Amino acid sequence: MNGWARCETKEIFYNGHYYNVTEFIKRHPGGEGIIDYFTAKAEDATVPIQQFHSRSIAKVHGIMKSLPRRPQTDADLLEVGDPQKRERNKALTEDFTKLFLELQADGLFEPSYFHVAHRILELFVLGAVGFYLTTQANSIIANGIGCIFLFFAQLRALGVMHEGGHLSLTGNPKVDRLLQTFTLGPFVGISPTYWRRYHSFHHAQTARVKYDLDFETVPLLLLNVKVLDDPKKQQNFIMRNQIFFAPFTVIVFVVYLQTWEWQEAS
Ligand code: HEM
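As numbered in the numbering used here, residues 1166 to 1431 make up the sequence shown, in order.
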């Protein structure tokens, strides 16, 4: 799985306590890897857990109650490291929480059923027109226009599937998963469960090299030179002009990730 060292007991720091998740990790509905990130001593999982489970926090707290826990000690603090860095991180987290609460008070996280219905209807219309023109029309121009419709259907499906995958569409996690499956499967052709599992890594550790999986890409899809061992030598012609290789790159990327997932599972 992930590259860092595994210890016998795995603990997650949440709201002032360390919770023993050694056994729970294997049963976590969001996958094992993402919890593993937060078992390192210096990680505080409080805000990520609250954010990732905002629709199911009661369930999460119920499970946490059943887990063995212990308070943070001075010895833990010594292991956590640099107190100044900790204070900086704390200030950032407080800022983030303040912003989140303001946005929540403004109603930004309230689901809009009208918007969801409109987006789904739009997909049906774009998809149906595109499918009809590409398969039934006899003119090449109409076929081409059909392709454009299908392209936009796929593009717009990505937005719906992203929100559905993050369970932030309707307020009901089951319905969101269903909508994500409907939009990601037929429109984009990627496994919805796979996407949910691995895309969450990116949001849990955004832009953190060696943690954010969006950086762990094949060289053709280089998102940040920092992921290269030797940026000077490895930035070649293909990497500098990768925009022209986009369609090919996307295929390689998807195949690579699927193979990687298969390797992990086996
Ligand atoms: C001890 C700590 C944790 C507990 C008890 C826990 C519990 C759960 C539960 C009960 C669900 C299912 C929610 C539902 O029914 O909709 C879930 C899903 C999920 N959890 Fe956790 N979780 C923990 C830690 C984490 C952490 C640290 C992360 C990442 C920061 C995370 C990310 C997710 C994600 C992304 C899902 C959604 C999976 C999906 O719908 O495919 N969890 N977790």
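Cβ atoms here follow ideal geometry from the backbone N, Cα and C, with glycine treated the same way.
This structure is a prediction, so every number in the text was calculated from the model and none was measured.
Report the residue ranges of all alpha helix (DSSP H) runs contained in full by the stretch 1175–1205; include only those spanning at least 4 residues, in chain order. 1197–1202
3-residue-minimum beta strand (DSSP E) runs that sit fully inside the stretch 1225–1311, ordered along the chain: 1234–1236
Would you mind listing the beta strand (DSSP E) stretches within the stretch 1345–1378 that are 3+ residues and don't spill past its ends, in chain order? Entirely contained in the stretch 1345–1378, not one beta strand (DSSP E) run reaches 3 residues.
Hey, would you say the C-beta of valine 1367 is under 8 angstroms away from at least one heavy atom of ligand 1? According to the sequence displayed, residue 1367 carries histidine and not valine. For ligand 1, not one heavy atom lies less than 8 angstroms from the Cβ of histidine 1367.
Helix, strand or coil at aspartate 1341 [DSSP, three-state]: helix
Thinking valine 1353 and leucine 1323 are a contact (beta carbons under 8 angstroms), I'd like their distance in whole angstroms, please. 7 angstroms
Do glutamine 1345 and glycine 1329 have their C-beta atoms closer together than 9 angstroms? yes
Whole-angstrom Cβ separation of phenylalanine 1261 and leucine 1291, contact assumed at under 8 angstroms? Contact flag wrong, Cβ pair sits at about 36 angstroms.
Just how far apart, CA to CA, sit threonine 1299 and isoleucine 1214? 45 angstroms
Is the closest heavy atom of ligand 1 to the C-beta of arginine 1342 under 8 angstroms? At least one heavy atom of ligand 1 is nearer than 8 angstroms to the Cβ of arginine 1342, so yes.
Which residues mark the beginning and the end of the alpha helix (DSSP H) in which phenylalanine 1217 is found? 1211–1217
For glycine 1246, which residues of its own chain have a beta-carbon under 7 angstroms away from its beta-carbon, when the five flanking residues on both sides are left out? Ala1207
Report the option in Arg1321, Ala1256 and Glu1275 whose CA atom is closest to the CA atom of leucine 1288. In terms of Cα proximity to leucine 1288, the closest of Arg1321, Ala1256 and Glu1275 is Arg1321.
Return the CA-CA distance between leucine 1286 and lysine 1255, expressed in angstroms with no decimal places. 44 angstroms
Would you tell me roughly how many angstroms separate the C-alpha atoms of alanine 1282 and serine 1356, rounded to the nearest one? 23 angstroms
Is isoleucine 1313 near ligand 1, with its Cβ less than 8 angstroms from a heavy atom? No; taking the cut-off as 8 angstroms, the Cβ of isoleucine 1313 has no heavy atom of ligand 1 nearer than that.
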